[in-house]
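I have placed the structure first, in the form of structure tokens, so that the comments after it can refer back to it.
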Amino acid sequence: MQETIIDRSRVKDEVNTLTAQGKMSSTVITILPIALAVYLKLVNPEYFQMLFSHPLGWVMVIFGSISIVLGWIFIKKIVHIEV
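Per the working numbering, residue -1 is the first one in the sequence shown, and the count goes up by one each step.
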């Protein structure tokens, strides 16, 4: 019985090691567009003025936000492995 518990612990550790890159990728891919938008807003505020003043710009912002969230969810589901 002790061997089984030790083996399960090893398998969990191995799975965590193998999925660490995917977990980090999901974080980076989620944060990168938001950080880039904040940076561009700070560097050149006029760049975003038209985006938020036109209805089509709002559609693009909403679609982009939904895409980011869905991508994060999909990557989390792919990386999550139950042992």
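Just so it is clear, CB atoms sit at the ideal spot from N, CA and C, and this is done for glycine as well.
Own chain partners of residue i with C-beta closer than 6 Å, once the 5 adjacent residues on each side are dropped
i	result
Gly55	Leu49
Closest by C-alpha distance to residue i, when choosing among the options
i	options	result
Val26	Ile79, His78, Ile66	Ile66
Own chain partners of residue i with C-beta closer than 7 Å, once the 5 adjacent residues on each side are dropped
i	result
Glu1	none
Val77	Thr17, Gly20, Lys21, Ser24
Anticipated Cβ contact below 8 Å, residue i with residue j, distance rounded
i	j	result
Leu38	Tyr45	6 Å
### Query
Between the region 55 to 75 and the region 9 to 29, are three or more C-beta pairs nearer than 8 Å?
Taking 8 Å as the limit for Cβ pairs, the verdict is that the region 9 to 29 does touch the region 55 to 75.
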